[in-house]
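**Q**
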Amino acid sequence: MNWDALGAVGEIVGAGAVVLTLVYLALQVRMSAKQQSIESYRNVNEEFNRIVSIWYDLEKAGMIIRAWSNWSEATAQEKNVLAIYFIQLSNHMQTLYSMWKNDALGELDYLKQEENFLGQLATDGGTQWWATFSNIAGPEFSSRISQKLQTQDTVPFSTAIPWTNVEDWKI
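Taking numbering that gives the first Met the number 0, the leading residue of the sequence shown gets 0, the next gets one more, and so forth.
1) Along the chain, where does the alpha helix (DSSP H) that runs through A159 open and close?
2) Helix, strand or coil: which one does DSSP assign to N69?
3) Look at A66 and L88 and say whether their C-beta atoms are less than 8 Å apart.
4) Could I get the ranges of all uninterrupted alpha helix (DSSP H) runs contained in the region 95-128, with 4 residues as the minimum, in chain order?
5) Would you kindly check if the distance between the Cβ of V43 and the Cβ of T94 is under 8 Å?
6) Go ahead and label Q34 buried or exposed: buried means 16 or more other beta carbons lie within 10 angstroms of its beta carbon, across all protein chains shown.
7) Quick check: the region 138-147 against the region 46-66, are there 3 or more CB pairs under 8 Å?
8) Between Y40, S157, A25, V154, which lies nearest to Y96 when the distance is taken from Cα to Cα?
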């Protein structure tokens with residue numbers, strides 16, 4: 000075997016090693032991206048669970064339900080509890096919307112959360128809150144939600160969920 004042949008074999012082996020290295024790196028990047036997506040999804044779920052944990056506090060849950068049902072007759076405290084809850088939920092939804100738009104969240108995952116959000120905003124208190132505070136959300140998200148509230152036949156949470164009947168929450 001001469002030196003030219005040996006050099007050619009060395010180049011082929013070297014090229015093969017480069018290809019294998021690139022395949023390995025591509026697989027590592029793909030696995031890392033998937034893991035990062037799973038971690039983001041877990042963080043979003045943890046944030047949602049933190050926000051809705053207010054429902055474990057029956058006094059605050061009653062305040063939210065009373066403010067949902069009749070904003071004009073709600074006390075300042077009831078309006079405040081609902082407003083803070085909606086601010087947190089709206090910020091969460093804005094994050095989900097951004098993730099969905101950037102392909103970090105599936106469409107069905109986003110749309111089921113949006114439907115839940117719209118149902119809460121379709122209540123009397125939700126409608127009044129959104130009219131006042133919709134500007135806290137980004138303009139694209141705010142416009143989408145406002146349009147859906149105006150054009151979609153969304154059933155208010157206070158109607159759709161039987162245990163949110165205001166008469167049952169006199170706490």
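In this text, a Cβ means the ideal position worked out from N, Cα and C, and glycines have one as well.
A quick note: this is a predicted structure, and the numbers were derived from the prediction, not measured.
**A** To lay it out plainly:
1) In this chain, the alpha helix (DSSP H) harbouring A159 covers 156-159.
2) coil
3) no
4) 106-120
5) The answer is yes: Cβ separation under 8 Å.
6) exposed
7) no
8) Y40
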